[in-house]
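To start, the structure under review is shown below, and the notes come after it.
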Amino acid sequence: MAVNAAVELLLVDDHPLFRQGVQYALSAESDIIVVGEAASGEDALQWLDTISASQEPNVVLIDLNLPGMNGLDLTRQLRRQYPGIKVVILSVHENDAQAFQALKSGAAAYCSKDIKPRDLAQILRRVAQGEYVINDMIWEDPKVAGRVLSMFRNLPEELTSMPDAEMLFPPPSERELQVLERIAAGGSNKEIADELGISTQTVKNHISSILRKLALSDRTQAVLYALRRGWIEPPDEIRMTSDKRTDDDTDAE
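Count the sequence shown with my numbering and you get residues 568 to 820, in order.
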């Protein structure tokens with residue numbers, strides 16, 4: 568999508584007054600057009616089924632707590648049937664566990680319902696441009712965000728459904744977190760070693776230590792656990808020179 572392309576929006580919320588309020592709040596945004604609304608997930612899918620591909624919205628704004636088919640179920644269905652449509656999920660509460668469940672379901676953004684209209688408008692624009700937003704955390708590089716989210720969505724359920732207050736393991740050391748950040752950015756062991764000024768074997772040792780501390784089996788799980796706990800920030804850009812991993816990258820996994 569072009570950077571300044573219009574957002575064609577479908578609203579899905581079971582409260583008519585809320586839908587009306589969103590439409591009113593966005594009416595001042597000339598590049599955002601509400602093309603449809605629905606009171607339930609079933610209604611949204613039925614509406615989409617009746618229109619042509621050229622009339623499809625490019626963004627759907629969904630209430631998490633819909634009656635019947637909830638927001639997560641609707642998101643999964645939309646991703647299967649309409650992979651080109653981006654999903655933004657709204658929730659009454661800001662909750663890390665819900666946010667990551669939303670992203671695991673296929674949403675491109677998650678934010679609280681008390682968000683300011685101008686901030687919501689900006690999130691809709693960002694999502695339409697291929698970015699990912701969790702509350703005020705923005706992943707600007709679709710390639711990196713897509714890779715990390717793809718890894719996250721394929722994780723076992725038990726690793727993505729832990730209670731928000733659960734802190735089972737202490738955080739890794741500062742150096743180990745630096746290694747994790749560079750793994751998240753796509754770095755190989757050699758690239759990480761070169762950037763941090765350490766040996767490849769030291770990188771492997773750090774990775775082994777991280778996995779041991781967190782009782783995890785591979786670096787992908789460690790990166791996503793660290794992201795969920797807020798120990799590291801999502802990568803804004805690809806800092807490594809290559810996305811390819813060498814054979815020795817698997818030695819510490």
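All C-beta atoms, glycine included, are put in the ideal place defined by N, C-alpha and C.
- Its Cα nearest to that of P650, the residue S672 stands out among I774, S672, G635 and A666.
- Of the residues assessed, I759 falls on the buried side of the cut-off, its CB having 16 or more other CB atoms within 10 angstroms.
- Secondary structure note for K653: it is in no alpha helix (DSSP H), and the uninterrupted beta strand (DSSP E) holding it is K653 to S658.
- Taking the Cα of G754 as reference, the smallest distance to any Cα among A674, R779 and T787 is reached at T787.
- Separation of S621 and A793 (C-alpha to C-alpha, rounded to the nearest whole angstrom) is 41 angstroms.
- With respect to E743, S784 sits apart: the two C-beta atoms are not nearer than 9 angstroms.
- Here S607 is near L633, since their CB atoms are less than 9 angstroms apart.
- Taking all protein chains in view, the Cβ of P739 is crowded by 16 or more other Cβ atoms within 10 Å, so the residue is classified as buried.
- Annotation: G635 to E609 spans about 8 angstroms, alpha carbon to alpha carbon.
- Taking a C-beta distance under 9 angstroms as the contact criterion, V579 and L639 do not qualify as a contact pair.
- From the listed residues Q644, C678, R643 and Q665, the smallest Cα separation to V655 is found for C678.
- About 4 angstroms separates the CB atoms of I599 and V574; that is less than 8 angstroms, so the two are in contact.
- Distance from the Cα of I701 is smallest, within the candidate group V746, P684, R692 and A674, for A674.
- Cβ contact annotation for A669 (same chain, cutoff 6 angstroms, sequence separation greater than five): I656 and Y677, in chain order.
- Residue environment: H582 is assigned as exposed (fewer than 16 neighbouring CB atoms within 10 Å of its CB, all protein chains considered).
- Scanning the region 578 to 618 from its first residue to its last, the whole alpha helix (DSSP H) runs of 4-plus residues come out as 583 to 593 and 608 to 617.
- The DSSP-derived three-state label of D785 is coil.
- In the three-state scheme derived from DSSP, where H, G and I count as helix and E and B as strand, L631 is classed as coil.
- Per the DSSP secondary-structure output, V574 pairs in a beta bridge with I599.
- Judged by beta-carbon spacing, V694 lies beyond the 9 angstroms limit of I750, meaning their Cβ atoms are not closer than that value.
- The criterion of a C-beta distance shorter than 9 angstroms is satisfied by L577 and V601.
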